[in-house]
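Chemist: Count along the sequence shown from 1, add 4, and you get the number used in this note's numbering.
Below you'll find the structure I mean.
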Amino acid sequence: MDYQLDTNCVQAGYTPKNGEPRILPIVQSTTYKYDTSEDMAKLFDLTSDGYLYTRISNPTNDAVAKKICALEGGTAAMLLSSGQAAAFFSIFNIASCGDHIVCCATIYGGSFNLFSVTMKRMGVEFTFVPPGASEKELHAAFRRNTKAMYGETIANPALTVLDIELYAKVAHEHGVPLIVDNTFATPINCRPFEWGADIVLHSTSKYMDGHASVIGGAIVDSGNFNWDAYADKYPGLTTPDASYHGVVYTRDFGQGGAYITKATVQLMRDFGSVPSPHSSFLLNLGLESLHVRVPRHCANALKTAEYLKGHDKVAWVQYCSLPGDKYYELAQKYLPNGSCGVISFGLKSGASSDGGRAAAEAFMKELKLISIVTHVADARTCILHPASATHRQLSDDQLAAAGVSPDLMRLSVGIEDVSDILADLENALKTVR
Ligand SMILES: *Cc1c(COP(=O)(O)O)cnc(C)c1O
């Protein structure tokens, strides 16, 4: 049965049978019992369905993955213990030492470190392209060994909007998939598969959980990328896997199942970045209200962005749903019903020799309702100064490339009464000279 997105937020993934618990049970068991060794052998050969070991599969985790799969409109999905693990798996599943990825430069700082330092050490090289790169510039970034394109629907914290359709077109012309981190937009505001993306990932720690309670990640496959058509590029999916007696993922699990099955039985088996079933249960509670919370975040953020834009002590505001924003047109195309609750802005007094670092920190000290936290995109309004926190390892040049100026404050607007949020900002702005 096909339901609307809002219904899927509440109900998808778990349908109890007669007499079973109405609420998704927490299966807090590492292991599963079988009657014979033969039953178990079939599981280890991947020739029969069933639960093997919670690192590979667990009923609670699988139900929540199914819900996220339904929300994004994919064919298969998996949960991971963090968004970082999701970013790593999404790429490492199809690229290894000697391979190359074309990546939008404005991405989450943690992903940037992962790609530019850690994965580089593993032999996977990334070319970072500016968010506004033309089609020609995107093509020019490709190499013979390029295996994927990567970007964020709305970048954290640069708040650039990815031209998904353009990226997908270029990726497909080179015979590689487009991987999109859809964390900030959520499937409520954008479903990247509808614009040609092939793989979507999430840090579920943000709006999906929504309460800043559990770190988690998810990867969803659209099932649209034809790995077999580029079999020479993706031997891991199209040739026998010796660690499973010669399973061929595309042949044995089909185009819609190959990518997630491989990521689960190979990468999850080996790296073990699995969420606890209890965490997945909490994530599911968050998902049940995602469709109610996200529009409220967006409405509050728009009002807050308008307020800041009109304030004489504020130098600049970036929010892609605000008319006049550099990414307004792209946001209207991909996120017509709202973008996210995150705004960035800088103060006029920030035009000093330290690039505005001190002014931002002084202003933030005066906030009372709005708290200074690393986290973003949850129910409580919070603020961060990336140049002194998440992005402090980056040089000024790297900051600029990532779309983060030294004075940038990232304001994550929550779902409180917006008048209280504005009053807190007003009070702190009064202290700014
Ligand atoms: C937070 C975040 C991540 C990393 O996720 P964790 O759950 O913190 O590991 C990745 N991408 C984006 C866009 C994020 O905001």
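All C-beta atoms in this analysis are idealised placements derived from N, C-alpha and C, irrespective of residue type, glycine included.
Please report the residue range of the beta strand (DSSP E) in which M449 lies.
Modeler: The question about residue 449 has no answer, for the chain in this structure spans 5 to 437.
Chemist: With H, G and I counted as helix, E and B as strand and the rest as coil, what does DSSP make of A80?
Modeler: As a position in the sequence shown, residue 80 is number 76, starting the count at 1. DSSP places A80 in strand when its eight states are reduced to three.
Chemist: Just to check my reading of the structure: A90 and I223 have Cβ atoms closer than 8 Å, yes? What is that Cβ distance to the nearest angstrom?
Modeler: Along the sequence shown, one-based indexing puts residue 90 at 86. Along the sequence shown, one-based indexing puts residue 223 at 219. About 5 Å; that satisfies the 8 Å criterion.
Chemist: Just to confirm my understanding: we take T58, look at its own chain, exclude 5 residues before and 5 after, and list those with CB closer than 6 Å. What are they?
Modeler: As a first step, residue 58 must be located in the sequence shown, where it is residue number 54. So the list reads T34, once near-sequence residues are dropped.
Chemist: Can you give the beta carbon distance from A109 to A406, rounded, assuming they're within the 8 Å contact cut?
Modeler: Along the sequence shown, read from residue 1 onward, the residue named residue 109 stands at position 105. Along the sequence shown, read from residue 1 onward, the residue named residue 406 stands at position 402. At roughly 6 Å, the Cβ-Cβ gap stays under 8 Å, so A109 and A406 are in contact.
Chemist: Residues in the same chain with beta-carbon distance under 6 Å from G78, minus the five sequence neighbours each way, listed in chain order, please.
Modeler: In the sequence shown, counting from the first residue as 1, residue 78 sits at position 74. Cβ neighbours of G78 beyond the five flanking positions: V224, D225, S226.
Chemist: Nearer than 8 Å: is that true of the beta carbon of Q322 relative to any heavy atom of ligand 1?
Modeler: Indexing the sequence shown from 1 puts residue 322 at position 318. Checking every heavy atom of ligand 1 against the Cβ of Q322, none is found closer than 8 Å.
Chemist: Take every Cβ of the region 70 to 88, pair it with every Cβ of the region 191 to 207, and state whether three or more of those distances are shorter than 8 Å.
Modeler: Yes, since at least three Cβ pairs between the region 70 to 88 and the region 191 to 207 fall closer than 8 Å, the two stretches touch.
Chemist: Beta-carbon within less than 8 Å of H176's beta-carbon, same chain only, minus the 5 sequence neighbours each way: which residues are those?
Modeler: As a working note, residue 176 is residue 172 in the sequence shown. Excluding sequence neighbours, H176 sits near L182, G200.
Chemist: To the nearest angstrom, how far is the alpha carbon of G276 from that of L351?
Modeler: Here residue 276 corresponds to residue number 272 of the sequence shown, with the count starting at 1. Here residue 351 corresponds to residue number 347 of the sequence shown, with the count starting at 1. Approximately 44 Å between the Cα atoms of the pair.
Chemist: Using CA coordinates, which residue listed in S409, C324, A391, L205 is at the minimum distance from L306?
Modeler: To locate residue 306, count along the sequence shown from 1; it is residue 302. When only C-alpha atoms are compared, the closest one is C324.
Chemist: Could you compute how far the alpha carbon of M126 sits from the alpha carbon of E370?
Modeler: The residue given as residue 126 occupies position 122 in the sequence shown. The residue given as residue 370 occupies position 366 in the sequence shown. Looking at the two C-alpha atoms, the distance is approximately 44 Å.
Chemist: For M368, which three-state DSSP category applies?
Modeler: Locating residue 368 in the sequence shown gives position 364, where the first residue counts as 1. If DSSP states are grouped into helix, strand and coil, M368 belongs with the helices.
Chemist: In the DSSP assignment, what residue or residues form a beta bridge with Q322?
Modeler: Locating residue 322 in the sequence shown gives position 318, where the first residue counts as 1. Partner(s): S348.
Chemist: Of the residues S353, D428, Y332, which one's Cα is nearest the Cα of I374?
Modeler: Against the sequence shown, residue 374 aligns to sequence position 370. When each option's Cα is compared against that of I374, the closest is D428.
Chemist: Does the Cβ-Cβ distance between L286 and V377 come in under 9 Å?
Modeler: The sequence position of residue 286 within the sequence shown is 282, counting from 1. The sequence position of residue 377 within the sequence shown is 373, counting from 1. Cβ atoms of L286 and V377: not closer than 9 Å.
Chemist: From what residue to what residue does the beta strand (DSSP E) around R414 run?
Modeler: Position 410 of the sequence shown, counted from the first residue, corresponds to residue 414. Run containing R414: 413 to 416, per the beta strand (DSSP E) assignment.
Chemist: Would you kindly report the start and end of the unbroken beta strand (DSSP E) that includes C107?
Modeler: Counted from its first residue, the sequence shown places residue 107 at position 103. Element bounds for C107: 104 to 108.
Chemist: Who pairs with S375 in a beta bridge, going by DSSP?
Modeler: Within the sequence shown, numbered from 1, the residue matching residue 375 stands at position 371. Answer is C386, bridged to S375.
Chemist: Chain D beta carbons: is any one of them nearer than 9 Å to that of A80?
Modeler: The displayed structure is made up of one protein chain only, and chain D is not part of it.
Chemist: If you drop the 5 nearest sequence neighbours on each side, which residues of the same chain put their C-beta closer than 7 Å to that of S283?
Modeler: On the sequence shown, position 279 is the one that residue 283 refers to. Excluding sequence neighbours, S283 sits near V218, G220.
Chemist: Measuring alpha carbon to alpha carbon, tell me which residue in A233, L28, P134, E430 is nearest Y453.
Modeler: Because residue 453 is not part of the residues shown, which for the chain are 5 to 437, the question remains open.
Chemist: Which term fits Y238, buried or exposed, when burial requires 16 or more other beta carbons within 10 angstroms of its beta carbon?
Modeler: For this step, residue 238 is matched to residue 234 along the sequence shown. Buried, because 16 or more other Cβ atoms sit within 10 Å of the Cβ of Y238.
Chemist: Let me know the beta strand (DSSP E) ranges lying completely inside the region 9 to 93, each 3 residues or longer, listed in chain order.
Modeler: If we require 3 residues or more, the beta strand (DSSP E) runs fully inside the region 9 to 93 come out as 80 to 84.
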